[in-house]
Structure formats: structure tokens, C-alpha cells
Amino acid sequence: MADGVLRGLLPGDLRVVVAVVTDTAREARARHRLAPTSAALLGQAIAGGALLAALQKGDSRVNLQVECDGQLKGLFVDAGADGTVRGYAKNPHVDLELQEGDFRWRGALGNSGFLSVLRDLGTEYYRSSVALVAMDLAKDLHHYFETSDQVPTRVAIATRRAEAEPLGAVVGVLLQALPDGDRHALAEQGQALESRLERALAEEKSPSPQTIFSALFPEQQPLEGHPVAFRCTCSRARALETVKSLGAADVQHLVDDLGSTAVTCHFCGAKHEISLPDLFQILEELGAGAPRN
Ligand SMILES: [Zn+2]
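Be aware that the sequence shown starts at 1340, since it is given in the numbering used here, and climbs by one per residue.
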């Protein structure tokens, strides 16, 4: 079943969000040709981004950024409240033998770094960062909510292999106490969230938002939801604008030295070809007169 997010309410005024982003993470992996460990971490971050964005309203967006001193170097995810997600890993080539346990991701994430969340609310930006302490995306997201947002929250993210497919399933769950929410209930529900999610993932052949929601919270019905998909906002028109922003002298150099160029999008890996006639057109728009070529 397709990727998506489901929101619901649990007794004690707890908000719950379930995000299944398997296909989205696989698309990111294919677009950026990610090695398995890079793919798993970007998949986790995509799940985190989808959960964060599901807490937003309207057409607002959330950026989730990690900078770290491990092999991965960092990653970036841009997620919209409309369910569109895009992102990249700074080092696409990380492929490590993963240990079980708390130090699982240290080889890739290293020993220090930052997690930043930027909320674009259309008219205002809010940015906050926390130091990575657990070197584990779900645990550090939890830490972010506790210290930066000061909202009692539990986050669990789980990935499962499916034979040769490293991204057999990528799923995230977020529990958050509403302003008058019962913190005791949150602690109870949140306590075994990670192991419950992993168990649910192990038991579901093809996990969907609905099956994961029902497995974790069998007494509750989700209230609303939306699909999630990888989508980038780049375009040829924007690529042309990027080249134009170099200025007439640099565009003339491209004409003289290369005859054409290409703009590759960081977020989705799309390559936008800029031909010689395009470059002439840009020079004309820049008022650089007749091209010398
Ligand atoms: Zn793009």
C-alpha cells in the first residue's frame, strides 16, 4: 500500500501520528544512488520529516537537518504539511556493517553533531538546533522535542530489511501530549513504543499507515490522514534562473568555455540541461548584448 500519514487521538489527550514512508525512502535512494547505510538514515530522516510536517497546518513546510562528524557528514529533508517530501544525504556512499544496540548508527553519524529543525510557516521562520546526544535519529528527535520545543513527545522510527531490499519498510510514530494532555499516559504509551513498533513491523507483511496504526493502538481509530510522496519543486525554469543569477560575465564564460551546462538539483538529483541557445537567451535578458561566440 502507498505511503501516508495518519493522525489520531489517544485517551489522555495524546496526539498520535503514524507515518509510513517506504516508497518515498526507496525513491530517494534510487534518485541519489544511496548505499544501504546512507539510504537507511535518509529513510529515517524522511520518516522524521513526515512526522514533523504532519504537526503543521496548511501549506507550511519543515526542514530537518543533521550535521555530524561521522561518515554520513549530514543529511537534509524538506517535508510539507501536504505530504510532499524531498531530501538528500551529504555522503551517499556509506555502507557499514551495523551492530545491534545503542551504538548502531555511530559509525555513520559519528560522535558529535547537530540536529536542526526549521519551520517555514509561510510568513515566519522558526529555527532551533540541539546537539546530537544519542547519535540515533529517533532518540535525538525525542531530545529535540524535550529541550527545544519543550513539548512532551515520544518518537520511534523503525526500518526493516526485506531480503536484498535494505528499505523493506520505513515507519515512524510520534506521540505528543496536547497542552492539557496526561503526561503519565504519555510516559506509559511511550515506554515501549520502539519495541512495539518493531514488533508491528515484523508482523506486517506490507505495512500501511492503517495496519501500523491498528497494530499499535487497537482500541483507537485514526481521525485523518494524507498520502506521502517524494516530490521536488525544482524545474528547468528555476535552473535557468540559477544560471542567470551568475551574472553576464560568468554566463559568457560558460558560452566561451563549455558551450552548454547543466544544473543538478541537490534535493532530487534531477539534471537540468542548459543549451547554448539557452545561454544566449540568458545573456540577452541580462542585457549583455550580442554574444561573442
Ligand atoms: Zn529537484
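Positions of the beta carbon are idealized from the N, C-alpha and C atoms, including for glycine.
Euclidean distance between Cα positions of residue i and residue j
i       : j       : result
Cys1604 : Glu1558 : 44 Å
Val1602 : Pro1561 : 42 Å
Ala1587 : Ala1627 : 6 Å
Ala1378 : Ala1364 : 7 Å
Arg1522 : Thr1600 : 56 Å
Pro1518 : Arg1493 : 15 Å
Gly1520 : Arg1354 : 9 Å
Ser1574 : Ala1609 : 9 Å
Glu1439 : Phe1619 : 57 Å
Glu1463 : Tyr1427 : 24 Å
Arg1570 : Asp1596 : 34 Å
Glu1623 : Gly1449 : 49 Å
Trp1331 : Leu1348 : Residue numbering for the chain in the displayed model covers 1340 to 1632; residue 1331 lies beyond these limits and cannot be assessed.
Ser1451 : Asp1441 : 15 Å
Gly1598 : Ala1389 : 41 Å
Pro1548 : Val1359 : 6 Å
Leu1457 : Ser1399 : 11 Å
Gly1511 : Gly1446 : 22 Å
Leu1536 : His1565 : 20 Å
Ile1621 : Asp1421 : 34 Å
Where residue i falls: helix, strand or coil (DSSP)
i       : result
Arg1458 : strand
Leu1373 : coil
Pro1505 : strand
Val1550 : According to the sequence shown, residue 1550 is Thr rather than Val. Three-state result, Thr1550: helix.
Thr1363 : helix
Leu1625 : coil
His1611 : strand
Ala1497 : strand
Leu1471 : coil
Val1510 : strand
Asp1434 : coil
Ser1574 : coil
Asp1479 : helix
Gly1382 : helix
Ala1389 : helix
Ala1531 : coil
Lys1583 : helix
Asp1617 : helix
Phe1484 : helix
Leu1394 : coil
For residue i: DSSP bridge partner residues
i       : result
Gln1515 : Arg1354 and Thr1492
Asp1417 : Asn1402 and Arg1425
His1565 : Val1344
Cys1407 : Gly1452
Leu1349 : Leu1353
Arg1466 : Leu1457
Ala1601 : Glu1612
Cβ-Cβ separation, residue j to residue i (assumed contact under 8 Å), whole Å
i       : j       : result
Val1424 : Ile1385 : 6 Å
Leu1391 : Val1405 : With 8 Å as the limit, Leu1391 and Val1405 do not qualify as a contact, their Cβ atoms being about 13 Å apart.
Glu1563 : Ile1551 : That belief does not hold up - the Cβ atoms of Glu1563 and Ile1551 are roughly 16 Å apart, past 8 Å.
Leu1387 : Ile1496 : Sequence inspection shows Gly at residue 1387; the Leu mentioned does not correspond to that position. Correct: roughly 6 Å between the Cβ atoms.
Val1582 : Ile1613 : 6 Å
Phe1453 : Leu1480 : Contact flag wrong, Cβ pair sits at about 13 Å.
His1611 : Ala1578 : 4 Å
Gly1382 : Val1509 : 4 Å
Gly1529 : Leu1514 : 5 Å
Val1490 : His1482 : Incorrect: roughly 12 Å between the Cβ atoms, too far for contact.
Ala1374 : His1432 : 5 Å
Ala1524 : Gly1351 : 3 Å
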